[in-house]
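Report on the structure given below.
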Amino acid sequence: MEPVLKTYYEALENDKILGLRCRECGAVEWPPVPTCNTCSSTVMDWVEIEGTAIVEEFSPVSKAYTKPPFEKFAPLYMFKGYLKEGTYVMNMVLDVTPEINDVVEQKLKDKETVNLVAKTLKLDDLNTVAFYLKD
Ligand SMILES: [Zn+2]
């Protein structure tokens with residue numbers, strides 16, 4: 000089996016966010032897992048994740064759960080939603096203030112689309128992905 004985590008983290012080092020697309024049904028897994036969650040196929044191809052997402056739910060993260068190395072980004076917010084590739088995702092959103100959170104909440108109440116963009120985030124000993132509000 001291909002070393003999925005190694006490939007994923009090496010790509011993050013090069014500012015690429017990779018997922019795995021199922022060759023059977025086309026579903027995209029992100030973060031990548033070697034088996035399709037939709038049809039259980041193990042025939043998967045690497046694809047670069049474009050990075051945009053649409054918010055369905057948006058909420059602040061309790062301070063109690065804001066642990067290093069992320070405490071420097073507090074207050075943290077989480078979203079649940081979908082990548083452009085159709086993948087359900089739950090992840091953190093950075094650079095949000097309580098005032099911006101109020102705007103996002105209002106937009107969601109008004110059924111307006113809230114777009115995010117994913118970017119690689121390089122921390123001391125960890126490469127990861129964070130989402131940011133678009134516009
Ligand atoms: Zn599949």
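Just so you know, numbering that gives the first Met the number 0 puts 11 at position 12 of the sequence shown, and the rest follows in order with no gaps. From the three backbone atoms N, C-alpha and C, an ideal C-beta is built for every residue, glycine too.
Tell me which residue opens and which closes the beta strand (DSSP E) that residue 73 is part of. Unbroken run through residue 73: none, as it is neither H nor E.
Please state the DSSP three-state secondary structure of residue 26. The three-state secondary structure of residue 26, taken from DSSP, is coil.
Between the CA atoms of residue 104 and residue 57 - distance to the nearest angstrom: The alpha-carbon atoms of residue 57 and residue 104 are separated by roughly 7 Å.
Quick check on DSSP: helix, strand or coil for residue 84? coil
Quick one: Cα of residue 34 to Cα of residue 45, how far? 12 Å
Rounded separation between residue 25 and residue 4 - CA only: 21 Å
Going straight from the alpha carbon of residue 128 to that of residue 43, what length do you get? 21 Å
Starting from residue 108, follow the beta strand (DSSP E) in both directions and report where the run begins and ends. It is not in any beta strand (DSSP E) - residue 108 instead sits in the alpha helix (DSSP H) that spans 97-108.
Is DSSP giving residue 3 helix, strand or coil here? helix
So is residue 84 buried or exposed if we call it buried at 16+ other beta carbons inside 10 Å? Here residue 84 is buried. Its C-beta has 16 or more other C-beta atoms within 10 Å.
Rounded straight-line distance, which links the Cα of residue 53 to that of residue 13: 25 Å
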